[in-house]
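Heads up: the sequence lines are chains A and B, in that order. Heads up: the first sequence begins at 1 in full-length UniProt numbering, then just goes up one per residue. Heads up: the second sequence begins at 1 in full-length UniProt numbering, then just goes up one per residue. Written below as structure tokens is the structure these notes are about.
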Amino acid sequence: MVEPTPAPQSPAVDSPSAPPDPRAALSLRGLWKRFGEKTAVAGIDLDVPAGSFYGLVGPNGAGKTTTLSMATGLLRPDHGTAHVHGTDLWADPVAGKARLGVLPDGVRLFDRLTGAQLITYAGLLRGMDRDTVAERTTDLLAALDLTADADTFVVDYSAGMTKKIALATALIHAPRTLVLDEPFEAVDPVSAANIRDILADYVRSGGTVVVSSHVMDLVQRMCDHVAVVAGGHLLAAGTIDEVRGGASLEDRFVELVGGRQSTEGLAWLRSS
Amino acid sequence: MVAQFVRLKLRLMANGFRRSAWQTIAFLLGLLYGVGIVGLVVVGTIVLGSSDPVMAGAITVLVGAVVVLGWWVVPLFAFGVDATLDPQRFVLFGIPQRRLLAGLAAAGVVSIPGIVTAVSALGVSFAWWRTPLAVLAALVGAVLAVSLCVVGSRATTTALAPLLESRRYREVVTVAAFVPLVLIGPAFAGLMSGLDGVDGDGARAAVVGLGDVVAWTPFGAPWGLGAAVHDGAWGLALARLVVSLATLGVGWVVWDRALRRALVTPPTAGAGGRAKGLGFFSRFPATPTGAVAARTATYWLRDPRYSGSIAVIPLLPVVLLVLGGGPGSEVFLVLAPVTAWMLGFAISADVAYDHTAFALHVSTGVDGRADRWGRVLPVLVAGVPVTIAFAIASVWVAGRWDALPAELGLTLGTLLVSLGVSSAASARLVYPVPKPGDSPFKQPQGAGMAVMVSQSAALAIMFALTLPVLVLGVLAIVLPSAVLGWVTLVVGLGLGAVVLVLGARWGARVYDRRSPELLQRIVSFA
């Protein structure tokens with residue numbers, strides 16, 4: 001269903017929206033975050049159904065990363081709640097985080113560790129036992145085509161390999177829901193296809209995946225649901241077909257977000 | 001171009017204030033402190049210059065030389081060099097190297113230490129207000145001296161950075177850089193013995209004599225210009241001018257060359273190393289605490305920012321031996337407690353050192369207890385035997401076996417207390433530190449005062465909490481009292497254990513409550 005929400009001007013003190021859906025993998029209500037003068041996210045309500053492959057799209061600076069950070073326990077919202085499979089993440093972070101696998105965008109890794117050490121570290125931090133961690137580390141390295149670089153320090157990895165190893169740290173504890181911020185950035189096409197297969201498999205087996213991206217084609221092919229965010233507001237959300245309504249997702253996105261320039265500009269840039 | 005760089009620096013400072021009120025407060029405090037120092041120095045020198053210009057000249061040269069030396073050497077060990085205008089960021093603008101250097105040098109003066117040095121240097125010149133020509137010469141000298149400070153500090157840090165970043169050379173360079181410091185010992189001892197049993201006039205002669213010598217060194221020469229002109233020694237003035245200009249020239253060329261090379265070979269983490277297996281991760285217990293401990297231990301060995309903070313420890317005994325004038329000196333007893341303190345203080349900015357990689361701790365929801373103890377345990381496990389060995393070695397060298405219990409109490413007490421305070425501090429205070437992979441000597445943008453204030457706060461608390469043990473231990477050693485020695489040992493261990501447990505517990509509570517905020521603070525520096 002397409003519901004372009006009107007832009008609220010101030011944080012909703014008592015959220016007028018529906019109560020959080022306990023069956024949803026992620027249920028966000030009235031999320032609001034300001035950084036100084038700038039409102040990054042202005043009241044986002046979103047339900048991610050369990051078992052869905054959800055795409056979050058929006059232009060640069062739309063608030064995608066801020067929203068996902070608040071939904072995964074990395075950034076405390078000014079207002080609003082985030083429920084993970086019915087658990088209020090900010091009231092009970094330990095239980096909430098245990099069900100989430102997170103790939104944040106734009107953060108470093110402990111890159112003086114080798115790839116294998118980093119995955120092991122993530123597993124042990126989650127409180128898993130040594131044997132399971134060892135077994136899954138081997139599997140993950142193989143699945144992500146990193147076995148040959150298992151003993152290389154992460155600092156020496158390329159950008160794409162770094163993305164993949166970060167993804168492995170998010171997968172090790174077999175979370176019920178994966179939240180991936182820009183998982184395909186800088187990843188080569190072959191690895192991207194491998195990752196897509198892994199994620200699709202995971203969704204088929206009952207897991208939920210949320211990815212943010214600004215590659216519309218990718219989202220249209222890969223996801224079954226999509227939400228469009230711009231300027232800190234949710235512009236549309238639903239299944240891909242509902243949101244695009246016959247047009248291509250890209251055209252629909254541009255229509256929703258606006259801001260296409262006419263081709264007059266930068267005459268001086270023409271080289272001849 | 002120079003004006004643009006200075007404007008950019010000022011703009012960056014102003015923007016820093018907009019980001020954080022604390023930074024403004026810290027800056028104002030620093031400014032106040034700076035104004036105080038400038039006022040004292042200038043007024044003091046002018047008063048002295050009016051009554052005894054020769055003495056004033058000698059003292060200006062001596063203090064000035066120490067200031068220049070400080071500008072050159074201190075950034076290599078502590079605080080780093082202000083990287084607000086990191087030359088790396090200008091690579092793509094295609095600015096001619098000569099203009100880039102001039103701009104960076106001018107902008108280098110625009111900082112609290114720079115301004116304090118510059119204003120003091122210029123103000124001190126007016127000690128010769130009775131001889132206008134000498135004032136003029138002194139002003140020229142002051143400009144030269146300030147340039148020497150800025151250019152020299154850039155030259156040493158830029159030229160040595162690549163060496164200091166690679167582990168193989170770091171020890172060598174640290175030793176080399178320590179040589180001047182080690183020489184201070186004998187010089188000081190010589191001066192003291194020279195002054196021994198000498199009255200005021202003798203002391204004056206000694207200071208003036210030392211000043212004459214130091215004025216020939218690259219550090220002292222510019223400060224001696226005014227004095228030479230005042231005495232009418234034109235040849236001497238010319239010679240000092242030549243020494244200053246030559247030093248400045250050499251510094252400039254070294255900086256120029258080093259920067260040229262640094263700009264096309266940005267720092268890398270060394271040629272792709274590989275490790276075998278899981279290292280500490282397979283040896284430590286498979287629990288969150290064990291995992292954090294394994295990661296921390298790995299970082300101590302592999303991250304120059306950690307190993308750099310303890311690189312000077314092997315040199316301490318040498319310095320103390322020289323300072324103390326050979327074996328048998330009680331100065332040597334300082335070694336073990338100082339080492340213990342350095343080890344404990346090294347983790348006081350641990351979360352900041354993680355940088356945004358800390359997000360992994362937040363997203364996995366690791367609890368505060370595991371995070372805090374995981375960071376403490378490797379230091380504790382490695383630090384206890386090392387500091388005990390140091391304590392035994394130092395009582396042996398000092399020839400004071402009777403002081404062993406007191407020394408052990410002091411050492412272990414300091415280690416435990418500083419670890420406890422660090423555990424609490426690193427969960428609460430996050431300030432910009434060199435990023436992973438950056439030079440440990442590069443102070444991040446806009447850090448300056450915030451770092452100093454935070455570190456001073458942690459240090460003050462550490463000192464206050466160690467004070468009981470310190471008083472007991474010093475009394476036991478100086479008196480000497482065997483009973484007090486054992487009391488020191490018991491109090492040191494007891495107090496230390498309590499502070500460590502409480503510090504870690506408080507840190508864990510703060511961490512559990514505020515880890516997302518901690519992460520956001522770090523992200524805001526990124």
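C-beta: ideal position from N, C-alpha, C; glycine also.
Endpoints, the beta strand (DSSP E) within which residue i is located
i              : result
arginine 270/A : Looking at the DSSP string, arginine 270/A is not in any beta strand (DSSP E), and its letter there is neither H nor E.
leucine 126/B  : It is worth fixing the name first, because residue 126/B is phenylalanine in this sequence and not leucine. Looking at the DSSP string, phenylalanine 126/B is not in any beta strand (DSSP E), and its letter there is neither H nor E.
alanine 236/A  : 233-239
glycine 30/A   : 26-35
lysine 164/A   : From DSSP, lysine 164/A is part of no beta strand (DSSP E) but of the alpha helix (DSSP H) over 159-171.
glycine 43/A   : 38-48
tyrosine 54/A  : 53-57
leucine 100/A  : 100-103
leucine 178/A  : 177-181
Proximity of residue i and residue j at Cβ, strictly below 8 Å
i                : j                   : result
valine 107/A     : glycine 96/A        : no
glycine 383/B    : threonine 488/B     : no
arginine 176/A   : alanine 25/A        : yes
threonine 120/A  : valine 133/A        : yes
alanine 227/B    : glycine 57/B        : yes
valine 397/B     : alanine 403/B       : no
threonine 72/A   : serine 363/B        : yes
alanine 424/B    : glycine 494/B       : no
proline 317/B    : leucine 333/B       : no
tyrosine 511/B   : alanine 427/B       : yes
glycine 55/A     : threonine 208/A     : no
leucine 378/B    : alanine 286/B       : Here residue 378/B turns out to be proline, not leucine, going by the sequence shown. Cβ distance not < 8 Å, so proline 378/B and alanine 286/B don't count as in contact.
valine 430/B     : leucine 518/B       : yes
threonine 466/B  : phenylalanine 390/B : no
leucine 263/B    : proline 87/B        : yes
tryptophan 216/B : glycine 152/B       : no
leucine 113/A    : arginine 295/B      : yes
leucine 124/A    : leucine 118/A       : no
glycine 365/B    : proline 93/A        : yes
leucine 301/B    : alanine 116/A       : no
Endpoints, alpha helix (DSSP H) assigned at residue i
i                : result
valine 228/A     : Looking at the DSSP string, valine 228/A is not in any alpha helix (DSSP H); the run it does join, the beta strand (DSSP E), is 225-230.
serine 524/B     : 482-525
threonine 120/A  : 115-125
isoleucine 366/B : This sequence places valine at residue 366/B; isoleucine is not what is there. Valine 366/B -> no alpha helix (DSSP H), and no H or E assigned at all.
aspartate 354/B  : 350-354
arginine 221/A   : 216-222
methionine 70/A  : 64-72
aspartate 197/A  : 189-204
aspartate 256/B  : 234-264
glutamate 255/A  : 249-257
tryptophan 341/B : 335-345
tryptophan 300/B : 288-302
isoleucine 229/B : Before going on, a small fix: residue 229/B reads as valine here, not isoleucine. Its alpha helix (DSSP H) spans residues 225-230.
leucine 146/A    : No alpha helix (DSSP H) contains leucine 146/A, which DSSP labels as neither H nor E.
glutamine 97/B   : 97-109
Residue i - partner residues in DSSP beta bridges
i             : result
alanine 82/A  : Leu28/A
valine 211/A  : Gly55/A, Leu180/A
arginine 87/A : The sequence given here has threonine at residue 87/A, not arginine. In DSSP, threonine 87/A forms a bridge with Val84/A.
Residues that residue i contacts on chain C, provided the C-beta gap is smaller than 8 Å
i               : result
histidine 361/B : Any reference to chain C falls outside this structure, whose protein chains are A and B.
Residue i Cβ short of 7 Å to the ligand SAM heavy atom set
i             : result
leucine 410/B : The model depicted lacks the ligand SAM and carries no ligand whatsoever.
Review point. Taking contact to mean at least 3 C-beta pairs separated by less than 8 Å, is the region 232-244 of chain A in contact with the region 46-64 of chain A?
Key: Cβ pair count under 8 Å is three or more, so yes.
Practice item. Say whether the region 165-181 of chain A touches the region 194-210 of chain A, bearing in mind that this needs 3 or more beta-carbon pairs closer than 8 Å, one atom from each stretch. Key: Output reads yes: the region 194-210 of chain A touches the region 165-181 of chain A.
Review point. Between the region 154-161 of chain B and the region 116-125 of chain B, do three or more beta carbon pairs fall short of 8 Å?
Key: no
Practice item. Taking only beta carbons into account, state which residues of the region 66-95 of chain A come closer than 7 Å to chain B, listed in chain order. Key: Thr72, Gly73, Leu74, Leu75, Arg76, Pro93, Val94
Point to revise | Contact residues within the region 94-109 of chain A, judged by C-beta distance below 7 Å to chain B | key: Val94, Lys97, Ala98, Val102, Pro104, Val107, Arg108, Leu109
Check your understanding: If we count Cβ pairs, one from each stretch, closer than 8 Å, do we get three or more for the region 141-152 of chain B versus the region 101-120 of chain B?
Key -> yes
Exercise for review: Compile a chain-ordered list of the residues in the region 110-125 of chain A whose CB is closer than 7 Å to at least one CB of chain B.
Suggested key: Phe110, Asp111, Arg112, Leu113, Thr114, Ala116, Gln117, Thr120, Tyr121, Ala122, Leu124, Leu125
**Study point:** Residues from the region 150-173 of chain A in contact with chain B, defined by Cβ distance under 7 Å
**Key:** Asp151, Thr152, Phe153, Val155, Asp156, Thr169
Exercise for review: Spell out a yes or no on whether the region 216-224 of chain B and the region 240-259 of chain B are touching, meaning 3 or more CB-CB pairs, one atom from each, closer than 8 Å.
Suggested key: yes
Review point. Per the contact definition of three or more C-beta pairs closer than 8 Å, is the region 33-44 of chain A in contact with the region 73-81 of chain A?
Key: yes
**Study point:** Under 8 Å (Cβ pairs) to chain A, residues found in the region 292-306 of chain B
**Key:** For the region 292-306 of chain B, which is checked against every Cβ of chain A, the residues closer than 8 Å are Val292, Ala294, Arg295, Thr298, Tyr299, Arg302, Asp303.
Check your understanding: For the region 18-44 of chain B, which residues have a beta carbon sitting closer than 7 Å to at least one beta carbon of chain A?
Key -> none
Review point. Any residues in the region 507-519 of chain B with a beta carbon nearer than 8 Å to a beta carbon of chain A? Which ones, in chain order?
Key: Pro516, Glu517, Leu519
**Study point:** Members of the region 468-483 of chain B that neighbour chain A once the beta carbon cut-off is set at 9 Å
**Key:** none
**Study point:** Touch test, the region 94-106 of chain B against the region 1-20 of chain B, Cβ-Cβ under 8 Å, three pairs minimum
**Key:** yes
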